[in-house]
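Quick note on the numbering used here: the sequence shown kicks off at 2 and runs consecutively.
C-beta: ideal position from N, C-alpha, C; glycine also.
As the structure is a computational prediction, the values presented were derived from the model and not from experiment.
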Amino acid sequence: MTLEPVMPSLDDEENPELIDFRRRFWWTLPLTIIVTVLAMAAHKIFYEGLPYQSWIELALSTPVVLWSGWPFFVRCARSIAQRSPNMWTLIGTGTGAAYGYSLIATVAPGLFPETFVMHGRIGVYYEAAAVIISLTLLGQILELKARSRTSAAIKSLLGLAPKTARRIDPNGTEEDVPLTHVHIGDTLRVRPGEKVPVDGIVLEGESAVDESMLTGEPVPVTKRPGDKVVAAAINTNGSLIVRSEKVGSQTMLSQIVQMVAHAQRSRAPMQRLADVVAGYFVMIVVAIAVLTLLGWGFFGPEPSWVYGFVNAVSVLIIACPCALGLATPMSIMAATGRGATQGILFRDAAAIEELRKVDTLIVDKTGTLTEGRPAFDRVVPAAGMSEHDVLRIAASIDQGSEHPLAHAIVAEARKRSIPLDKPETFESSSGIGVRGIVAGKRIAFGNTALMEQERVDWTPLQKHAEVLRGEGASVMYLAADGKLLGLVAVSDPVKATTPEALHTLKAAGITVIMATGDGVTTAKSVAARLGISRVYGEVKPKDKLDLVETLQKEGKTVGMAGDGINDSPALAKANVGIAMGTGTDVAINSAHVTLVKGDLRGIARARRLSLATVRNMRQNLAFAFVYNALGIPLAAGLLYPFTGQLLSPMIAALAMSLSSVSVITNALRLRGTA
Numbered sequence: 002m003t004l005e006p007v008m009p010s011l012d013d014e015e016n017p018e019l020i021d022f023r024r025r026f027w028w029t030l031p032l033t034i035i036v037t038v039l040a041m042a043a044h045k046i047f048y049e050g051l052p053y054q055s056w057i058e059l060a061l062s063t064p065v066v067l068w069s070g071w072p073f074f075v076r077c078a079r080s081i082a083q084r085s086p087n088m089w090t091l092i093g094t095g096t097g098a099a100y101g102y103s104l105i106a107t108v109a110p111g112l113f114p115e116t117f118v119m120h121g122r123i124g125v126y127y128e129a130a131a132v133i134i135s136l137t138l139l140g141q142i143l144e145l146k147a148r149s150r151t152s153a154a155i156k157s158l159l160g161l162a163p164k165t166a167r168r169i170d171p172n173g174t175e176e177d178v179p180l181t182h183v184h185i186g187d188t189l190r191v192r193p194g195e196k197v198p199v200d201g202i203v204l205e206g207e208s209a210v211d212e213s214m215l216t217g218e219p220v221p222v223t224k225r226p227g228d229k230v231v232a233a234a235i236n237t238n239g240s241l242i243v244r245s246e247k248v249g250s251q252t253m254l255s256q257i258v259q260m261v262a263h264a265q266r267s268r269a270p271m272q273r274l275a276d277v278v279a280g281y282f283v284m285i286v287v288a289i290a291v292l293t294l295l296g297w298g299f300f301g302p303e304p305s306w307v308y309g310f311v312n313a314v315s316v317l318i319i320a321c322p323c324a325l326g327l328a329t330p331m332s333i334m335a336a337t338g339r340g341a342t343q344g345i346l347f348r349d350a351a352a353i354e355e356l357r358k359v360d361t362l363i364v365d366k367t368g369t370l371t372e373g374r375p376a377f378d379r380v381v382p383a384a385g386m387s388e389h390d391v392l393r394i395a396a397s398i399d400q401g402s403e404h405p406l407a408h409a410i411v412a413e414a415r416k417r418s419i420p421l422d423k424p425e426t427f428e429s430s431s432g433i434g435v436r437g438i439v440a441g442k443r444i445a446f447g448n449t450a451l452m453e454q455e456r457v458d459w460t461p462l463q464k465h466a467e468v469l470r471g472e473g474a475s476v477m478y479l480a481a482d483g484k485l486l487g488l489v490a491v492s493d494p495v496k497a498t499t500p501e502a503l504h505t506l507k508a509a510g511i512t513v514i515m516a517t518g519d520g521v522t523t524a525k526s527v528a529a530r531l532g533i534s535r536v537y538g539e540v541k542p543k544d545k546l547d548l549v550e551t552l553q554k555e556g557k558t559v560g561m562a563g564d565g566i567n568d569s570p571a572l573a574k575a576n577v578g579i580a581m582g583t584g585t586d587v588a589i590n591s592a593h594v595t596l597v598k599g600d601l602r603g604i605a606r607a608r609r610l611s612l613a614t615v616r617n618m619r620q621n622l623a624f625a626f627v628y629n630a631l632g633i634p635l636a637a638g639l640l641y642p643f644t645g646q647l648l649s650p651m652i653a654a655l656a657m658s659l660s661s662v663s664v665i666t667n668a669l670r671l672r673g674t675a
């Protein structure tokens with residue numbers, strides 16, 4: 002297979018091997034279809050068969066086998082040379098035997114006894130060789146597409162960085178320069194709506210900066226002089242002047258990119274069950290075929306070597322890896338189809354096989370356990386005030402604010418159809434709240450720092466505020482003309498489905514651990530409500546990655562569920578990364594499983610599907626080997642001394658087809674998995 006770059010770039014082209022296989026598949030698929038139709042129906046359409054039918058099938062199948070299948074024969078040869086028999090050995094020997102036997106039967110039909118003449122010609126198996134090649138190409142195309150998604154995650158990360166930065170020169174002039182021209186110590190201006198170009202420190206200005214794409218925090222963070230900012234964060238309202246401190250590969254964004262790339266490449270590919278047994282199977286089959294040839298050649302009736310060759314070919318044909326090759330792909334196809342109808346998307350077969358082994362699940366809080374967006378919680382009015390009036394005044398002053406917390410409060414007032422007053426004046430004090438005149442009264446709405454500036458006694462509601470903060474809510478006090486009116490709490494609510502999901506996971510024997518970038522107090526309060534005993538707060542992307550690696554070293558099979566870019570390194574490193582479909586594209590591309598609806602209950606459903614799928618694959622492999630176990634001795638002619646009958650290669654091909662039908666029928670049962 003082609004190698005993948007250590008660090009993809011936005012300029013990388015499509016995988017050349019995928020392009021090559023896709024071209025081979027589509028160019029030769031019509032030939033495969035025609036050959037198959039001729040083999041199945043020509044003798045029914047033409048009374049004595051189609052004239053020169055074997056030669057026509059030879060001409061049509063040769064491009065399929067020799068051109069489309071050439072990469073598989075190369076791999077087969079390498080597996081033999083390296084003494085590592087695998088599925089490619091079976092595919093190469095099976096298709097090679099079918100095609101080689103048919104070629105001899107076409108070019109020199111006189112070598113075969115009359116008993117092998119059917120419909121006026123020696124039976125040939127070009128269609129079997131062509132169909133196997135086409136099916137194998139299709140499987141490789143699907144696998145290569147799945148592999149390409151690993152670099153898609155890194156490309157999504159690289160796409161976050163802005164292409165230019167606005168640099169302020171020492172003489173005060175400003176100019177837009179390419180990001181590659183920014184150096185440590187440069188002074189940059191970040192205007193409202195722009196992305197921060199590099200990691201740096203704020204020199205001038207105040208603004209709310211949205212870092213959710215990198216930190217997972219649900220609301221923008223107010224930045225003032227002396228505060229640090231990170232590359233790719235979005236400046237929402239004010240203008241900032243920043244001094245660059247880390248550029249290029251040193252920025253947090255670049256480090257996350259590097260961690261995702263390393264985690265993806267360090268994960269060893271899982272060895273499929275079929276490949277484990279195939280190494281032994283192919284050696285046994287080849288040995289039986291050789292013994293069949295020699296046994297008939299030396300001890301069989303005349304023409305003994307012809308009988309030996311035909312029987313040896315029958316052994317290889319009946320052992321052709323069609324059913325063995327379908328055993329796992331058919332189960333995977335059925336399982337992925339079933340999962341899609343339930344909102345569960347698997348990246349590849351390895352994810353389905355591995356998920357059933359997960360015994361430890363790390364979950365992010367924001368957007369995974371919770372909704373991931375600020376929502377109105379409650380109003381606590383002061384003595385003599387009503388909840389209605391407190392919410393009306395708070396929403397009225399917040400109409401002029403762009404802060405997400407303000408949006409949640411205004412949305413709740415409108416939901417309740419509360420009429421709002423238009424502020425006569427409005428002033429935003431970054432980080433502490435807002436001030437203004439509403440209905441002739443001076444309104445202050447914000448945290449305790451704002452209340453102290455306005456000389457408002459907020460202690461009567463202090464106990465209520467502490468309780469709400471302990472529940473993970475953000476609390477804002479409301480005052481009018483220096484008098485406390487009440488407080489409003491806004492929080493990130495836990496998803497309604499989360500408690501049920503966690504209960505189901507624990508019942509399945511899975512240990513659940515919370516790791517979040519939120520504060521420790523908020524994390525512990527949410528964890529306590531959900532019954533999660535092991536909690537990590539204020540963790541960075543690398544901390545989550547380290548946690549996954551630590552648990553893996555302890556022998557745990559780790560699943561990681563998250564929705565943000567800050568989760569992507571851990572998602573990629575975990576045995577199974579599970580992304581919320583409501584999260585970022587980077588998280589989805591880094592993960593092995595995506596829950597489209599962002600519902601954690603999907604993990605339990607996906608795990609049940611994983612268990613059923615692996616069980617189904619083992620059943621399919623058993624079907625494939627049972628047919629071989631029964632058919633190979635017949636093909637070798639072991640019953641000839643008792644019955645006087647040999648197994649024709651046509652019957653061998655029929656047995657091979659029946660095994661494929663059994664595999665497909667069994668795999669389709671997965672469509673009913675709950």
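C-alpha gap between residue i and residue j, whole angstroms
i    : j    : result
L19  : H408 : 47 Å
Y308 : F22  : 38 Å
I202 : R190 : 12 Å
G673 : D349 : 20 Å
D544 : K229 : 19 Å
S663 : F626 : 12 Å
H184 : E205 : 19 Å
W459 : E413 : 24 Å
S569 : G368 : 14 Å
A269 : A351 : Unreliable placement is indicated for A269, whose pLDDT of 30 sits below 50; the coordinate value is still reported in the next sentence. Distance between the alpha carbons of A269 and A351: 11 Å.
E539 : T223 : 17 Å
K181 : G249 : The sequence given here has Thr at residue 181, not Lys. Computed Cα separation, rounded: 7 Å.
G186 : R456 : 41 Å
R168 : P198 : 10 Å
T151 : S591 : Low local confidence applies: a pLDDT of 47 at T151 is under 50, so the model's placement there is unreliable, and no value is given.
R25  : T96  : 17 Å
S69  : V132 : 11 Å
M651 : E501 : Summary for M651: the model assigns pLDDT 48, below 50, so the residue's position carries little reliability; its value from the coordinates is reported in the next sentence. Cα-Cα distance, rounded: 56 Å.
N667 : S526 : 48 Å
D365 : I142 : 34 Å
Bridge partner(s) assigned by DSSP for residue i
i    : result
M386 : In the DSSP output, where bridge partners are listed per residue, M386 has none listed.
T426 : I438
L680 : Coverage of the chain is limited to positions 2 through 675, which leaves residue 680 absent and any answer about it impossible.
L346 : T595
G578 : M561
S475 : V491
A396 : A396 pairs with nothing; no bridge assigned.
A376 : S492
T554 : The question names Thr, but residue 554 is Lys in the sequence shown. None; K554 has no bridge partner.
V446 : Note on residue identity: the sequence assigns Phe, not Val, to residue 446. BP columns for F446 point to V435 and L479.
The alpha helix (DSSP H) enclosing residue i, as first and last residue numbers
i    : result
T63  : Q54 to T63
A450 : T449 to Q454
T209 : It should be pointed out that residue 209 corresponds to Ala in this sequence rather than to Thr. It is not in any alpha helix (DSSP H) - A209 instead sits in the beta strand (DSSP E) that spans S208 to D211.
W71  : W71 to A82
Residue interval of the beta strand (DSSP E) (run including residue i)
i    : result
L362 : T361 to V364
R470 : First-last for R470: Q463 to G471, but that is the alpha helix (DSSP H), not the beta strand (DSSP E).
T595 : V594 to L596
S418 : Run containing S418: none; DSSP gives neither H nor E here.
K358 : From DSSP, K358 is part of no beta strand (DSSP E); its letter is neither H nor E.
E176 : E175 to P179
K224 : V222 to K224
I202 : D200 to E205
Test: residue i CB closer than 7 Å to a CB of chain B
i    : result
D399 : Absent from the structure: chain B. Only one protein chain is present.
For the segment 477-551, list the beta strand (DSSP E) runs that are entirely contained and at least 3 residues long, ordered along the chain.
DSSP assignment within the segment 477-551 yields the following whole beta strand (DSSP E) runs of 3 residues or more, N-terminal first: 484-492, 512-516 and 535-537.
Would you call the segment 288-302 in contact with the segment 612-627, where contact means no fewer than 3 C-beta pairs closer than 8 Å?
Touching, no, given that fewer than three Cβ pairs across the two stretches are closer than 8 Å.
Is it the case that the segment 373-391 contacts the segment 434-451, given that we only count it when at least three CB pairs across the two stretches are under 8 Å?
These segments do not touch.
With contact counted as at least three CB pairs below 8 Å, one residue from each stretch, are the segment 416-431 and the segment 463-479 in contact?
No, the segment 416-431 is not in contact with the segment 463-479.
Counting beta carbon pairs with one atom in the segment 128-139 and one in the segment 25-40, are three or more of them shorter than 8 Å?
Contact annotation: the segment 25-40 touches the segment 128-139, with at least three C-beta pairs closer than 8 Å.
Is there contact here, the segment 535-549 with the segment 568-581, by at least three beta-carbon pairs under 8 Å?
Counting Cβ pairs under 8 Å, three or more are found: they touch.
Please determine if the segment 387-403 and the segment 529-544 are in contact, where contact requires at least 3 C-beta pairs separated by less than 8 Å.
The answer is no - the segment 529-544 does not touch the segment 387-403, with fewer than three Cβ pairs under 8 Å.
Could you tell me whether the segment 551-562 touches the segment 532-542, where touching means 3 or more Cβ pairs closer than 8 Å?
Fewer than three beta-carbon pairs drawn from the segment 551-562 and the segment 532-542 are found closer than 8 Å, and the two stretches are therefore not classed as touching.
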